[in-house]
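S.K.: Numbering (our numbering), first residue to last: 237 to 785.
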């Protein structure tokens with residue numbers, strides 16, 4: 237038995253060692269050079285590294301090759317089934333749909349209470365402004381006073397924000413660039429379908445014998461169901477953590493306690509955790525012009541969406557005299573149709589123009605994500621003006637409801653393409669960038685309903701909607717400027733420069749490259765020959781654009 241165990245241990249060690257061996261014959265084709273892409277096809281590899289790596293050219297000399305750590309646990313080549321990118325295609329979609337439904341119910345919960353605002357304000361004898369705080373947070377069913385409602389919705393809102401913050405980055409862990417855009421379209425549509433459904437369902441529930449408290453019970457039941465489904469269906473997608481768990485398993489199985497992953501080599505201190513998860517998103521927000529301006533744009537359209545949860549009842553319930561809350565919520569279907577139109581538009585654009593460019597050039601610069609965003613930036617203000625100036629009770633309700641289609645489509649496309657652009661630009665730091673973005677846009681989404689009713693009462697539906705239209709017109713230059721000058725701005729970005737070298741290193745680690753490959757990669761000095769030499773350093777396809785972490 238001892239001999240058998242020893243043989244098994246030796247076999248495991250031999251298998252692990254093979255993971256880290258450097259093959260004698262190496263033949264690499266860089267499937268995508270977008271790691272280095274500046275948008276200039278003549279200078280795709282060198283410029284970003286020259287701007288960011290801050291290293292001296294080494295001529296024809298090769299660096300010393302340190303000995304590979306035989307105890308470092310890595311993926312067993314590019315086809316390792318535990319690599320998130322190798323997840324079965326159907327399973328990727330099951331995971332994506334599960335995460336999207338979770339997001340939909342979180343955002344549904346944020347707006348389902350909006351139609352109950354007047355009822356609860358009257359029941360608890362407080363102002364509608366106080367009860368409007370409930371639209372910013374998440375509901376609770378058993379509250380006996382307004383304080384309990386607000387406090388409980390706050391704490392549940394804190395926990396409910398997690399899908400909005402991490403799912404975009406999680407999808408980057410296992411989807412390639414083209415399919416990721418489609419997957420994020422599903423996620424983004426869930427982000428907007430949820431809050432649009434909320435007032436419709438909430439209105440009918442509040443009007444029914446169930447009463448406003450059942451807006452909370454319905455949310456609780458559905459959220460619990462999808463939460464439990466996620467526990468069963470959604471796997472870990474963060475590659476370093478997967479390797480850490482593999483190292484733990486191998487240590488127990490082989491008795492070799494020296495086996496470790498990259499994540500084990502450095503235990504973060506409390507200050508590093510604070511720096512990475514709290515300070516980094518804030519620093520990126522204020523130091524990265526792309527992130528700052530795109531975030532402000534997304535926050536504005538997100539705020540407008542939540543503002544409409546108060547504006548629509550004013551327009552249809554008060555101005556047009558639709559007395560039943562459920563019926564007064566039905567015009568939100570116009571926005572919902574627009575959201576679905578936006579999803580279809582993005583999928584079509586991704587599968588045609590974007591996919592052709594990727595196939596033809598082997599890479600697509602992030603600014604290609606902005607083409608649909610530019611189109612949507614004109615649609616949104618057009619829809620807002622349309623909505624405002626067809627709001628008179630003397631005008632049929634039909635054109636005003638139809639105005640929700642360009643509004644919904646514009647909001648969805650701007651949001652989704654802005655999110656895709658942030659992910660493509662910051663790649664390794666996508667979660668930090670998305671966290672900063674989520675913080676700001678959620679703040680706008682919470683703040684806008686607080687002044688919506690007063691603004692629409694004082695300015696009227698026509699001029700209040702026009703004011704929003706003028707503000708969105710002022711935002712139109714943002715995607716246009718980044719489309720034409722984004723590559724220059726990225727070249728000046730501090731985080732982007734660090735990102736280039738870190739992605740090169742991590743992609744090398746993930747594919748089992750030796751330090752010679754990494755040394756040559758990080759010391760490219762403008763020589764096309766060196767890039768060709770690097771292409772001979774590994775016998776598997778290296779698509780660094782697709783390696784997100």
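Every residue, glycine too, gets a C-beta built ideally from N, C-alpha and C.
Contact check, residue 539 vs residue 345 under 8 Å by CB: the rounded distance?
M.R.: Residue 539 to residue 345, Cβ: 18 Å. No contact.
S.K.: Once the 5 residues before and after residue 566 are set aside, which same chain residues still bring their CB inside 7 Å of it?
M.R.: 436
S.K.: With DSSP as the reference, label residue 308 as helix, strand or coil.
M.R.: Secondary structure at residue 308: strand, using DSSP grouped into helix, strand and coil.
S.K.: Could you check which residue in 335, 647, 412 and 653 has the C-alpha nearest to that of residue 595?
M.R.: 412
S.K.: Can you tell me the Cβ-Cβ gap for residue 641 and residue 570, rounded? I've got them flagged as a contact below 8 Å.
M.R.: 5 Å
S.K.: Is the region 687 to 707 touching the region 619 to 626, taking contact as three or more C-beta pairs under 8 Å?
M.R.: yes
S.K.: Identify, in the order they occur along the chain, each residue of the same chain with its Cβ nearer than 8 Å to the Cβ of residue 679, setting aside the five sequence neighbours on each side.
M.R.: Counting only residues of its own chain and dropping the five nearest sequence neighbours on each side, residue 679 has a CB closer than 8 Å to the CB of 535.
S.K.: Per the contact definition of three or more C-beta pairs closer than 8 Å, is the region 415 to 423 in contact with the region 643 to 663?
M.R.: Enough Cβ pairs lie closer than 8 Å, so yes.
S.K.: Where residue 399 and residue 630 are concerned, what is the direct C-alpha to C-alpha distance, given to the nearest angstrom?
M.R.: 43 Å
S.K.: Within a Cβ cutoff of 6 Å, which residues of the same chain sit near residue 603, ignoring the five residues on either side of it in sequence?
M.R.: Only residues of its own chain outside the window of five on either side were considered, and among them 719 and 722 have a CB closer than 6 Å to the CB of residue 603, listed in chain order.
S.K.: Return the residue from the list 498, 429, 550 and 464 that minimises the CA-CA distance to residue 309.
M.R.: 498
S.K.: Excluding sequence positions up to five away, which residues of its chain have a Cβ less than 7 Å from the Cβ of residue 618?
M.R.: 642
S.K.: Taking only the alpha-carbon atoms, compute the straight-line gap between residue 325 and residue 669 and give it to the nearest angstrom.
M.R.: 27 Å
S.K.: For residue 371, name the three-state secondary structure that DSSP assigns.
M.R.: Legend: pLDDT at residue 371 = 44, less than 50; position of this residue unreliable, value from coordinates given subsequently. Residue 371: helix per DSSP, three-state reduction.
S.K.: If we call anything under 8 Å between Cβ atoms a contact, is residue 424 one with residue 652?
M.R.: yes
S.K.: What residue ranges within the region 454 to 536 form continuous alpha helix (DSSP H) runs of no fewer than 4 residues, ordered along the chain?
M.R.: 475 to 490, 506 to 510 and 516 to 523
S.K.: If I measure Cβ to Cβ from residue 480 and keep anything under 7 Å in the same chain, skipping five residues before and after, which residues do I get?
M.R.: 497, 499 and 500
S.K.: Using only alpha-carbon positions, find the residue among 530, 503, 334 and 421 that is nearest to residue 458.
M.R.: Minimum Cα distance to residue 458 is reached at 334.
S.K.: If residue 616 and residue 647 are in contact, beta carbons under 8 Å, what's the gap, nearest whole angstrom?
M.R.: 6 Å
S.K.: Have a look at 428, 323 and 306 and flag the residue whose alpha-carbon is nearest the alpha-carbon of residue 340.
M.R.: For residue 340, the closest C-alpha among the options 428, 323 and 306 is that of 428.
S.K.: Expressed to the nearest angstrom, what Euclidean distance is found between the alpha-carbon atoms of residue 608 and residue 568?
M.R.: 23 Å
S.K.: When the Cα atoms are used, what is the spatial distance from residue 681 to residue 323?
M.R.: Using only the alpha carbons, I get a separation of about 35 Å.
S.K.: How would you call residue 506, buried or exposed, if buried means at least 16 neighbouring beta carbons within 10 angstroms?
M.R.: exposed
S.K.: Whose C-alpha, out of 666, 409 and 591, is nearest the C-alpha of residue 517?
M.R.: 666
S.K.: When the Cα of residue 305 is compared with those of 438, 320 and 495, which residue comes out closest?
M.R.: Checking every option, the nearest Cα to that of residue 305 belongs to 495.
S.K.: Do residue 531 and residue 650 come within 8 Å of each other at the CB atom, strictly closer than that value?
M.R.: no
S.K.: Going by the CB atoms, is the gap between residue 547 and residue 688 shorter than 8 Å?
M.R.: yes
S.K.: Indicate whether residue 715 and residue 573 have their beta-carbon atoms separated by less than 8 Å.
M.R.: With contacts defined as CB atoms closer than 8 Å, residue 715 and residue 573 fail to qualify as a contacting pair.
S.K.: What is the rounded straight-line gap between the Cα of residue 645 and the Cα of residue 537?
M.R.: 11 Å
S.K.: With DSSP as the reference, label residue 445 as helix, strand or coil.
M.R.: coil
S.K.: Taking only the alpha-carbon atoms, compute the straight-line gap between residue 725 and residue 520 and give it to the nearest angstrom.
M.R.: The alpha-carbon atoms of residue 725 and residue 520 are separated by roughly 14 Å.
S.K.: Can the beta-carbon of residue 556 be found closer than 8 Å to that of residue 450?
M.R.: no
S.K.: Mapping DSSP to helix, strand and coil, what is residue 560?
M.R.: coil
S.K.: With DSSP as the reference, label residue 626 as helix, strand or coil.
M.R.: In this structure, residue 626 counts as coil in the three-state DSSP scheme.
S.K.: Contact defined as beta carbons within less than 8 Å: I believe residue 692 pairs with residue 550. What is the distance between those atoms, to the nearest angstrom?
M.R.: Right, the Cβ-Cβ distance comes to about 5 Å (below 8 Å), so this counts as a contact.
S.K.: What residues in its chain sit with their C-beta under 7 Å from that of residue 606, if we drop five residues either side in the sequence?
M.R.: 653, 657, 715, 718 and 719
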